[in-house]
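Counted the way numbering that gives the first Met the number 0 counts, the sequence shown spans residues 0 to 1063. In this text, a Cβ means the ideal position worked out from N, Cα and C, and glycines have one as well. Read the structure below first, then the notes.
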Amino acid sequence: MQARMRALSRGGGAAVVAAALLVPLGATATAAAAEGTTTVITDFEGGAPSGFFSYGSAGFGVVDVAAGTADAKPGQEGPTKVLSYGWDVTAGGSFGGVGETFTATRDVSAYDGVTFWMNGSGNGTALQFELFDGGANPDVSERFDTTIVDDVAGWRQVTLPWSAFQRATDFQPDGAPNDGFGKAAVWGYALPAVNGANTVRIDDIAVYSGIEVPPAVSFASSTASLIEGDTGSIEVRLDRALETPVTVALEATDGTAAAGDDYVDPSTTIEFAAGQTSRTVDLETVADDVEEANETLVLTLADAAGATVGSPSSMTVTIIDDDGEVVGPPSGRTLVVDDHEAPLVRGDAGGVPVGWFNAEDPNSSVAFERTDAAPAPVPGAPAGNHVLQADYRVTSFGVVVRNFTNEAADAWTTQDWSTYEGIGFWMYGNGSGTDLFLDLLDNRNPGSTVDDAERFVVSFKDDWRGWKFLTFDFADFSRKNIGNNAPNDGLTLTEMHGYAFGSLRTAAPQTFRFDDVLLYGEAEPPALSVGFDRAGYEVTEGDTATGVIRLNRVADEDVTVSWESLAIEARTATEDLSATADRDFTPGSGTVTIPAGERQVAIELPTLQDGKHEVDETFVVRLSDPVGAEFGFVRTATVSIQDDDEIDPTLVDDFETTPWLFDTTGKSVLTTREIEAGSGAGYPGQDSYEYVADFAHKGPATLSRDFAGGQDWSDADGLSFWVNGTGKQTKVTVGLKDDPAPDGGPDTWELAWSDEFDGPAGAPANPENWTYETGGWGWGNDELQYYTDSTDNAALDGNGNLVITAREIDPATTDLECWYGPCEYTSARLITEQKQEFQYGRIESRVKVPEGSGIWPAVWSLGTDFREVGWPQTGEIDVMEFVGRLPNEIFGTIHGPGYSGGQSYGGIYDFGAPVPGDWHEFAVEWTPEEIVWSVDGIVYHQADPADVAPNEWVFDHPFSLLTNVAIGGNFGGALGDDLEFPQSLTVDYVRVYQAPDTAERFTADVTVRGTGWQQVTVPFDAFKREKKQPAGAPNDGLTLTDVQGYSLTFGGSGQVSVDRVTVE
């Protein structure tokens, strides 16, 4: 299970983002149905079931609870056993949980939901209940979950109806279906931790129904295997204890195995006495000396009395032949990697174990040693041969790892396996049926000091006895994500870091022996390719980054390639803003040669120090025109310039961006221009490139800015600004808007801003309101589209609407680059950042959504500080999200620290009919106390600080608005056959209603004389209350604790330049 994290995401988690329902124990998660049927899945009376597991930063135990004690459950009459489950996921990126996988699927479709007892601490942390639905096995089943808040101390019975479950967005296994919550084939469940640290107790996990559900009898598993000559126990289960007996007939049918020759017919009638839920029948197989293929028979349940026959009603049994000749290693080219004749060294490379070591979950144990006392000699091995012996008792995972190292065992070294076809080894089997795996540890990120090796895995079963040589072609391995931020560039085999033998579960303790791990075969060397050694570099502002251009293997001849560093507007891999050439970095280009026999060459990428605090900025470096090699995996790399300048707490405005947030009155024009440091045109002390505001006016005119959220200037003495005058004496009136009356709430709000999208067809969205964000980096969710600034993807329709259109394009002809290669889709994403910002109010939009599985439109908002503090710390409010794979539902959600991605706090409105095709009005009403979501005037969700406690409520600062249409991604899901392009989100309007402007007005006059730059400071005690005030304005003096904005009114005519407005 991967880490439950998300980068800056589009909602939904994770990973982004489905709206997980948080169920407080003190509210809706209360009591199970008093009548009807409750069928217990796990009661822990026999300890943890065989399929129980833990993972990550979580562990469990089964503890005894005596009746009459403080720990006893309500109504408990005798001793019982319960699950004790603890977790600590407070560290960034940590995750964990417990759960159970079933040996066969369970059909729970006749029930209404899940119920269980939970003894919480009431500390406000949260956990999920997650079900594994459908798919070929538990590892590829679709996940559905809901989230529960532990807000009540003591025992409570939690009831979770199926309607509370949503498709998980923080994790879905590769290959999982996307076909809805069927409930007819459930493979298990998990209790993932969401946040914090806690220990809870769980008991009597069950499914419930409000009506009577007939009892069912079934096999415990749908398959079994026995080695020829063995006798095995076949388990048949009754899904709940009854007061009356149940009988069922077990019948055997020949497949390729024949009764009498290959097995003894076990046909019988099985009786469950009152209170019994499990019975076993012995199946005896017949040994012979004939080498033959494995054979099968089918067991079937029928003619049940007192119950129905449930699923699985049949079991296929495979009889494994053990008469074949033992075949040793492949002939031809081989290379022994480990023969275990040398001692098994253990070491440490900067905190990473090297040599040999074991790893396991907290409830498992793994040990290993080198021994010459195997149960039987390895075929062909000399006397005294040593083997690796590994002991496993595993509930969730356990591995014996071989990390390659040097003689001193203090470095993690690599081997090149790229010219071999596969890997093999001897293993002494026990016939236990244990599922095992072999992990390969491939390359790591360049310069890494941690274990971020990319894993690839192949699985096999212990279904033989004695020594057997196993071979696995490298093509048989699949990528394994363990959440360690590994590279994702395929099984390169050129820098192998090691391998591991492991299991996810052992029904009983097992001891396995391995020997002679070797490589075999002749593989064509991979095509010689050249690329960067990583997808992105980071460099401190003013320093020089080193880019490494690297071959995938050493070449026999020189390889040349050209490179160029440049600025681009499109986002390529991060949320950084674009760096500016010759301001933030020095652009460069050239051609480099990697000499024969060498593998890499370095290039220098200098950046520039500007002395200004700003968000991180990115430029790219691209390769072109390779000679002697083809392009490798990373042809374009990003360079993120990490700003190291301190924030100036006194700075109000410095005009480094287009002044969209300013308003002007009178006959005036406001523009900005750049002044070079040292040019003589800058203000005194200017030591870097600087943008200034030029304000040309005919007659008196005002330059003003209202703040989206109030600012506290009470520790300052005055307002200061630099001005370059006209040479004439100019009167400047400085205005302040201070301390508005208390917000009267939604009933008093009035229209503060709107975009009605009026304009000619084909025109872009109003640039005074919206910026088109561009790029194809996946946007934190592995989305498939490239966002463009083309009116092909977002334009007015001439009928008062904005239409955002997602289109399919030909990757063979496009020059657009996405994270997965040439782009296949385009769309648009618009944001009001630095143009329109809001804190509190009603955000309202009327839209018509597109359709088809994989489409993901949204109207939403992000904190204006998201480039400074990152997501989710900035906060996200989703006014509306829709995913085409759930056509009847819309989502309203908040994301913040500790409740983001799949753990977000959200609500769902089910229309009962498809949403596309009709207009709907979506709104949030946002106050300091709460956020309330509605659709077409119907309130369906609300959130307040207590709902996310103890996590931080991050919705008391300004936000920007966004609207977009994503394709695919973590929440959008796989593209379905019903998705036809183009698809459009049509937006009729976006409106914001807020409290009327009641800020108290104050002014002070100053006179600017002469020419040239001069700093003007106006003491706050010089400001006087204006006679003309808006209705409702306070009259309490200039408090400066909640400043709403300022203005500069220039008399006469001319042009003045303004820069660096500060409080002093």
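Pick from the options that is closest to residue i, judged by C-alpha positions
i     : options                    : result
E807  : A580, Q982, N765 and F910  : Q982
V846  : L861, N963 and G421        : N963
N551  : I593, E563 and S561        : I593
G596  : D609, L527 and T657        : L527
T470  : D415, T333 and N122        : T333
S83   : T100, S53 and A109         : S53
T926  : F356, G851, E867 and Q838  : Q838
A1002 : D1020, G55, D987 and R1008 : It is Thr, not Ala, that sits at residue 1002 in the sequence shown. When each option's Cα is compared against that of T1002, the closest is D1020.
A258  : I318, F970, D555 and T701  : I318
G972  : T100, A69, L130 and R142   : R142
E294  : R401, N362 and L225        : L225
Contact check, residue i vs residue j, beta carbons under 7 Å
i     : j     : result
P856  : F881  : yes
S312  : V297  : no
L492  : S588  : no
A240  : G274  : yes
V61   : G46   : yes
F654  : Y690  : yes
I548  : V600  : yes
L750  : Y992  : yes
A373  : V386  : yes
S561  : P586  : no
D642  : D615  : yes
V280  : I233  : yes
L126  : A71   : no
T1016 : S713  : no
P378  : V335  : no
Q941  : V931  : yes
L343  : I422  : no
E99   : P48   : yes
K697  : S1052 : yes
Min CB distance residue i to chain C below 7 Å
i    : result
R142 : In the structure shown, chain C cannot be found, because there is only a single protein chain.
Nonlocal neighbours in the same chain, by C-beta distance under 8 Å from residue i, ignoring five residues either side
i     : result
L20   : Low confidence applies here, because L20 scores a pLDDT of 35, under 50, leaving its location unreliable and the question unanswered by this model.
N136  : W186
D1004 : K730, V731, T732 and V733
F630  : S528, V529, G530 and L622
Y1045 : V651, S703, R704, L718, V733, G734, L735, K736 and V1060
N429  : D461, R464, Q509, T510 and F511
Residue i versus residue j: straight-line alpha-carbon distance, rounded
i    : j    : result
A994 : S903 : 29 Å
L24  : V157 : Confidence is the limiting factor: at L24 the pLDDT is only 36, short of 50, which leaves the residue's position unreliable, though a coordinate-based value still follows. Approximately 7 Å between the Cα atoms of the pair.
D238 : G179 : 25 Å
E763 : E521 : The sequence as given places Pro at residue 763; Glu does not occur at that position. The alpha-carbon atoms of P763 and E521 are separated by roughly 58 Å.
A452 : F500 : 16 Å
G123 : G744 : 29 Å
T804 : L978 : 13 Å
F531 : P445 : 10 Å
Y262 : E283 : 6 Å
D781 : G775 : 9 Å
E290 : A256 : 14 Å
I567 : R672 : 21 Å
D42  : W116 : 10 Å
Other residues of its chain near residue i: CB distance less than 7 Å, five sequence neighbours each side excluded
i    : result
A31  : Summary for A31: the model assigns pLDDT 35, below 50, so the residue's position carries little reliability; its value from the coordinates is reported in the next sentence. Answer for A31: T37, T114, Q156, T158 and Y207, listed in chain order.
T663 : L669, A700, T701 and L702
D809 : none
A103 : F218, A219, S220, S221 and P311
Close-in-space but distant-in-sequence residues of the same chain around residue i (CB under 6 Å, 5 per side omitted)
i    : result
A286 : E227 and G228
G349 : T448
Query - Runs of alpha helix (DSSP H) wholly within the stretch 482-540 (minimum 4 residues, chain order) - result: none
Requested in this report: Run through the stretch 936-1008 for me and flag every whole alpha helix (DSSP H) of 4 or more residues, listed as ranges in chain order.
Outcome: 944-947 and 968-971
Query raised in the report: What are the uninterrupted segments assigned as beta strand (DSSP E) that are 3 or more residues long and contained completely in the stretch 371-437, given in chain order?
Result: 386-392, 397-402 and 421-429
Report task. Run through the stretch 600-676 for me and flag every whole beta strand (DSSP E) of 3 or more residues, listed as ranges in chain order. Result -> 616-626, 635-641, 650-652 and 661-674
Requested in this report: Could you tell me which uninterrupted beta strand (DSSP E) segments, each at least 3 residues in length, are contained entirely in the stretch 774-808, listed from first to last along the chain?
Outcome: 784-786, 793-795 and 801-807
Query raised in the report: Could you give the uninterrupted runs of the beta strand (DSSP E) lying entirely in the stretch 225-260, keeping only those of 3 residues or more?
Result: 230-237 and 245-253
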